[in-house]
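Report on one structure; see the data block that follows.
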Amino acid sequence: MTRRSEVTGALRVNSEIYPERPPGFVLHEHGADSVLHCDDVPLTKLAERYGTPLYVYSATTIHERLAAFEKAFRNVPHTICYSVKANSNVSILRLLARQGCGFDVVSGGELERLLAAGHRRARKIVFSGVGKSRDEMTAALKAGILLFNVESESELLALAECAARLRKVARVAVRVNPDVAADTHPYISTGLHKHKFGVPIGSARTLYAKASGMQYLKVAGVSVHIGSQITDVAPFAEAVARVADFVRELRVDGHKVDYVDTGGGLGIAYQKPGLEFAEYVASYARAVTNPLRGLNVHLLLEPGRSIVGPAGVLVTSVLYRKENDGKRFLVVDAAMNDLIRPALYNAYHEIVPVVQSKDLSAKRETVDVVGPVCESGDFFARDRELPRVEEGALLAILDAGAYGMVLASNYNTRPRPAEVLVTRKSVKVIRRREKIRELYSAEL
Ligand code: LLP
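Using our numbering, the letters of the sequence shown correspond one by one to residues 26 to 469.
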């Protein structure tokens with residue numbers, strides 16, 4: 026077996042540098058070739074059995090990453106509330122729940138998934154989001170969740186109304202907007218006053234005063250989330266420092282603040298080599314916990330991508346090779362409807378052939394990797410240098426475990442891929458491939 030190194034970004038196979046970000050995905054030597062495996066299972070075998078495009082997840086990797094979070098925060102009272110939006114497959118939710126994880130939901134749908142997955146520990150669920158409906162709030166109140174992260178005065182009033190109707194107390198935190206800039210894609214940055222999220226710290230105080238005057242609301246915490254795919258820990262420290270000051274102010278005002286929810290957002294190394302994960306998450310833990318020292322609060326964390334992102338790949342087959350006036354394309358059977366991140370954010374995903382020649386003189390070429398959907402935005406890579414692969418070859422699009430399948434659609438009436446979860450040698454289909462007739466069966 027070939028050596029693996031967490032987020033170091035490179036794996037040496039016979040001295041050829043080979044990108045290896047997702048640690049659950051490793052090349053094993055196989056005759057003259059090397060074959061990419063998920064845990065102990067060759068991706069060739071999975072593609073043959075379940076077809077492509079196919080999402081493949083490593084349960085071991087998900088376990089290891091959650092464990093790394095738990096370890097990094099072990100010295101402070103905390104609950105990891107995995108952000109369900111990143112990957113909401115019920116089998117993955119179950120796997121995390123079995124490890125004691127809590128959850129962050131942003132819709133009644135996500136809450137229902139958790140309950141369907143058998144998650145009965147509602148006291149480990151927080152509800153975030155800028156537009157919770159009354160029905161969604163009512164469902165969450167009935168379930169008895171830990172905390173509502175409220176984002177406006179109108180929402181606070183709606184929650185008070187729902188809680189009063191049920192005669193159930195809603196624990197609330199106001200999501201404050203710390204006005205901290207984080208270096209990430211503009212679509213997923215949230216911590217500036219120009220964004221729709223949260224309440225400016227300056228005006229949040231009056232909301233707390235209002236909340237504490239309402240019979241069925243209980244002020245319980247403060248929450249913040251500054252954006253996603255943030256790989257520098259400094260903006261987290263800055264945001265939490267502002268929150269810490271705010272907690273002190275609130276306490277002076279007489280509020281009981283038991284929880285600080287610092288949101289999610291820790292990025293992963295899609296492209297550049299990064300730190301070893303345990304070390305990286307430890308530096309994040311220092312950034313988040315240092316400003317809270319002495320405040321005696323229970324910390325809530327909402328990581329999504331950093332838990333599941335590197336634990337998944339999208340396996341696709343090369344349908345056709347094509348050349349237009351010297352420009353080369355690999356047309357694959359996955360498309361933007363299966364994984365929209367490149368089309369939507371111009372996101373980079375490493376792409377590797379599943380079967381690699383060990384021959385060092387093997388040809389390389391510059392190609393665009395594109396899908397069959399009728400849009401020029403339907404690409405996975407542009408002008409990317411890859412080892413030459415022929416029609417019928419399999420490619421793995423790496424780091425696709427987060428915001429992959431959850432954002433998949435049926436555009437062009439394409440059935441969404443199947444998903445399989447690998448635990449060492451064992452394979453479980455956790456979502457079967459959709460059938461075309463299911464895609465129009467609800468239409469009249
Ligand atoms: N908590 C809140 C309130 C959030 O809005 C988010 C993500 C998270 C936690 C989890 O953040 P994470 O740890 O996964 O960064 N579709 C985009 C990402 C959107 C993130 C939205 N909010 C992408 O594919 O990059």
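C-beta atoms are modelled at their ideal positions from N, C-alpha and C, and glycine is treated no differently.
Residue interval of the beta strand (DSSP E) (run including residue i)
i, result
"residue 152", "150 to 152"
"residue 227", "Segment 226 to 237 is the alpha helix (DSSP H) holding residue 227; no beta strand (DSSP E) there."
"residue 104", "103 to 108"
"residue 98", "No beta strand (DSSP E) contains residue 98, which DSSP labels as neither H nor E."
Span separating the alpha-carbon of residue i from that of residue j
i, j, result
"residue 178", "residue 320", "26 angstroms"
"residue 463", "residue 99", "46 angstroms"
"residue 226", "residue 203", "6 angstroms"
"residue 275", "residue 205", "20 angstroms"
"residue 410", "residue 123", "41 angstroms"
"residue 118", "residue 149", "13 angstroms"
"residue 416", "residue 408", "18 angstroms"
"residue 282", "residue 113", "30 angstroms"
"residue 84", "residue 447", "6 angstroms"
"residue 186", "residue 175", "14 angstroms"
"residue 230", "residue 297", "41 angstroms"
"residue 169", "residue 234", "24 angstroms"
"residue 183", "residue 245", "18 angstroms"
"residue 372", "residue 307", "26 angstroms"
"residue 391", "residue 361", "21 angstroms"
"residue 311", "residue 318", "10 angstroms"
"residue 30", "residue 166", "Per-residue confidence for residue 30 stands at a pLDDT of 34, beneath the threshold of 50, marking its modelled position as unreliable; the derived number appears in the next sentence. When rounded, the distance between both Cα atoms is 44 angstroms."
"residue 421", "residue 404", "14 angstroms"
"residue 95", "residue 108", "15 angstroms"
Beta-carbon spacing of residue i, residue j below 7 angstroms
i, j, result
"residue 299", "residue 111", "no"
"residue 322", "residue 285", "yes"
"residue 347", "residue 340", "no"
"residue 406", "residue 365", "no"
"residue 345", "residue 424", "no"
"residue 87", "residue 427", "no"
"residue 136", "residue 164", "yes"
"residue 49", "residue 65", "no"
Residue range of the alpha helix (DSSP H) that includes residue i
i, result
"residue 306", "302 to 314"
"residue 347", "Unbroken run through residue 347 is the beta strand (DSSP E), 337 to 349; no alpha helix (DSSP H)."
"residue 122", "115 to 123"
"residue 159", "159 to 168"
"residue 133", "133 to 141"
"residue 366", "366 to 370"
Exposure of residue i, with buried meaning 16 or more beta-carbon neighbours within 10 Å
i, result
"residue 77", "buried"
"residue 363", "buried"
"residue 157", "buried"
"residue 79", "buried"
"residue 211", "exposed"
"residue 469", "exposed"
"residue 452", "buried"
"residue 260", "buried"
"residue 154", "buried"
"residue 75", "buried"
"residue 240", "exposed"
"residue 309", "buried"
Contact with chain C by residue i, beta-carbon distance below 7 angstroms
i, result
"residue 321", "Any reference to chain C falls outside this structure, which holds one protein chain only."
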